[in-house]
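Numbering (this note's numbering), first residue to last: 151 to 398. Just below is one structure, and these are the notes that go with it.
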Amino acid sequence: MKKKITISIMGLVLGGLLLPLTAQDGNQILRKIDRNMSADSRIIESTMIVHGKRNDRTITSKSHTMGTGKAFTEYLSPARERGTKMLKLEKEMWVYSPATDRTIMISGHMLRQSVMGSDLSYEDMMDDRRYEDIYDARVTGSEQVDGRTCHLLSLTAKVDDAAYPSQKMWVDSERLIPLRAELYAKSGQMLKQITAGDVKQVEGRWFPMHMTYKDVLKEGKGTEWIINTISFNQSIPANVFSKASLRK
């Protein structure tokens with residue numbers, strides 16, 4: 151009788167330990183990713199290389215981000231893109247074009263359009279929320295990516311306005327940074343692939359300095375996003391995030 155009771159108790163204990171390994175541990179991993187990737191503010195100087203069907207284009211920019219609701223980006227080169235600016239305030243986005251001297255509000259279906267011919271959409275650039283605020287995650291396995299052991303996560307959106315209703319994500323088990331992701335539509339069709347590399351420790355956190363995005367529905371060889379400099383939790387003047395900044 152004691153043996154049966156012991157086995158039953160062990161079963162309950164093991165069951166209680168194993169259950170969180172899928173849902174609870176997946177969400178814990180998301181929280182740890184967010185600690186690395188998110189900050190009160192970020193200032194980034196970056197290079198975007200768009201590998202088109204016929205040629206490549208290189209675009210440089212400087213971005214200021216405050217929390218998850220405010221972002222301002224100014225494009226520095228090439229000459230035809232210089233002075234183009236983007237401003238995000240919560241769920242609204244504006245783009246200023248110096249060529250036309252016009253400011254356009256990006257909304258609705260326009261959010262899905264490509265940014266400067268790249269594999270990123272305005273929607274991709276607009277949604278800077280934490281993973282744990284958008285998704286629930288389950289650990290579904292463990293795989294190797296570029297020689298690194300990764301948790302394989304299955305992400306399901308818990309909000310209606312997620313750009314991608316589900317994702318598969320390979321997360322470096324030691325540094326807790328996504329090294330690969332597949333983004334899916336509600337139908338289950340894959341829409342985009344993301345790979346990350348050149349992971350460095352910046353101000354006490356791990357961060358990928360090189361990412362490649364591929365819109366699988368679009369021709370071309372993908373878009374590289376290379377971070378040249380990044381700083382976290384710096385003071386940014388409030389007037390940076392104003393419509394007046396678009397025309398300065």
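Cβ atoms here follow ideal geometry from the backbone N, Cα and C, with glycine treated the same way.
Would DSSP call residue i helix, strand or coil?
i: Ile179; result: helix
i: Glu240; result: coil
i: Tyr296; result: With the sequence shown as reference, residue 296 is identified as Asp, and Tyr is not the correct amino acid for it. Looking at Asp296 - three-state DSSP - the assignment turns out to be coil, as it is neither helix nor strand.
i: Met359; result: strand
i: Met276; result: helix
i: Ser381; result: strand
i: Leu303; result: strand
i: Ala313; result: coil
i: Ile284; result: helix
i: Ser395; result: helix
i: Lys152; result: Unreliable placement is indicated for Lys152, whose pLDDT of 41 sits below 50; the coordinate value is still reported in the next sentence. Helix, per DSSP.
i: Gly338; result: coil
Look at the alpha carbon of residue i and the alpha carbon of residue j, and state the distance between them as a whole number of angstroms.
i: Leu329; j: Gly338; result: 21 Å
i: Glu324; j: Thr299; result: 8 Å
i: Arg288; j: Lys318; result: 10 Å
i: Pro315; j: Ala307; result: 5 Å
i: Asp251; j: Asn389; result: 20 Å
i: Ser188; j: Tyr246; result: 27 Å
i: Arg397; j: Ser227; result: 17 Å
i: Ser304; j: Thr290; result: 7 Å
i: Gly233; j: Thr210; result: 11 Å
i: Asp296; j: Met275; result: 26 Å
i: Tyr363; j: Val200; result: 10 Å
i: Leu326; j: Lys371; result: 27 Å
i: Gly202; j: Asp365; result: 12 Å
Among the options, which has the Cα closest to the Cα of residue i?
i: Lys238; options: Ala229, His214, Ser227, Met198; result: His214
i: Tyr285; options: Val309, Asp206, Ile194, Phe357; result: Val309
i: Ile386; options: Phe222, Asn205, Ser196, Ile199; result: Phe222
i: Ser268; options: Lys342, Ala229, Asn383; result: Lys342
i: Lys241; options: Tyr272, Thr345, Pro358, Asp365; result: Tyr272
i: Ala346; options: Val321, Leu367, Asp365, Lys368; result: Val321
i: Thr218; options: Ser191, Arg230, Glu224; result: Ser191
Quiz prompt | beta strand (DSSP E) runs wholly inside the segment 185 to 246, at least 3 long, in chain order | solution = 191 to 201, 206 to 216, 220 to 227, 235 to 239
Self-check item: Validate contact between the segment 366 to 386 and the segment 194 to 210 using beta carbons, cut 8 Å, 3 pairs
Solution: yes
Quiz prompt | the segment 267 to 285 contacting the segment 174 to 181, beta-carbon criterion three pairs below 8 Å | solution = The segment 267 to 285 vs the segment 174 to 181: in contact.
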